[in-house]
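See structure below.
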Amino acid sequence: MSETNPIERGNRKERTGEVISNKMTKTIVVRVQRRFPHPQFKKIVTSYNKFYAHDEKSEAKIGDRVRIVETRPLSKTKRWRLVEVVERNEEAAVK
């Protein structure tokens, strides 16, 4: 193995979603929306998934759009990490 070429990791999955809870310490719950045509009926279906993500600085608030990336298991349910807050929720900031 040559020192000039660092070991490359596999591509990590990235998702963008909305924060629906930040009540836990250093953890946020992100709801990711996925739209796809139904296999048989071809109607556009919207499905949602909840991901638990690690938020080290507790910077994400409810309603923010965030980008998360797959990582090693951090706890029983947490396998994602916050990369950035894409868009702040203006309504939550006013309150």
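Once you know that position 59 of the sequence shown is 76 in this note's numbering, the rest is easy, because the numbers rise by one and skip nothing. Glycine residues also receive a C-beta, built at the ideal position from the N, C-alpha and C atoms.
Buried or exposed: where does residue i fall if 16 or more other Cβ atoms within 10 Å of its Cβ makes it buried?
i, result
"GLY115", "For the chain, the structure presents residues 18 to 112; residue 115 sits outside this window and is missing."
"VAL103", "exposed"
"THR44", "buried"
"SER19", "Summary for SER19: the model assigns pLDDT 48, below 50, so the residue's position carries little reliability, and this model does not support an answer."
By Cβ distance, which residues of its chain are closer than 8 Å to residue i, with the 5 residues on each side in sequence left out?
i, result
"PRO90", "ARG96"
"ARG51", "THR63, SER64, TYR65, ASN66"
"PRO54", "LYS60, ILE61, VAL62"
"ILE79", "VAL36, ILE37, SER38, ASN39, ASN106, ALA109"
"LYS30", "VAL86, GLU87"
Expressed to the nearest angstrom, what Euclidean distance is found between the alpha-carbon atoms of residue i and residue j?
i, j, result
"SER38", "ASN28", "27 Å"
"PHE58", "TYR69", "32 Å"
"THR94", "THR42", "14 Å"
"ARG82", "SER75", "14 Å"
"SER92", "VAL100", "18 Å"
"VAL46", "GLU73", "13 Å"
"GLU25", "ALA77", "30 Å"
Who are the near neighbours of residue i in its chain, counting only those whose CB is closer than 6 Å to its CB and skipping five residues on each side?
i, result
"ARG32", "VAL49, ILE85"
The beta strand (DSSP E) with residue i in it runs from where to where?
i, result
"GLN50", "44-54"
"ALA77", "It is not in any beta strand (DSSP E) - ALA77 carries neither H nor E in the DSSP assignment."
"VAL92", "The sequence shown places Ser at residue 92, rather than the Val named in the question. Segment: none, SER92 is in no beta strand (DSSP E) and carries neither H nor E."
Going along the chain, which residues of its own chain have a beta-carbon closer than 7 Å to the beta-carbon of residue i, five neighbours each way excluded?
i, result
"ARG98", "ALA70, HIS71, ILE85, VAL86, THR88"
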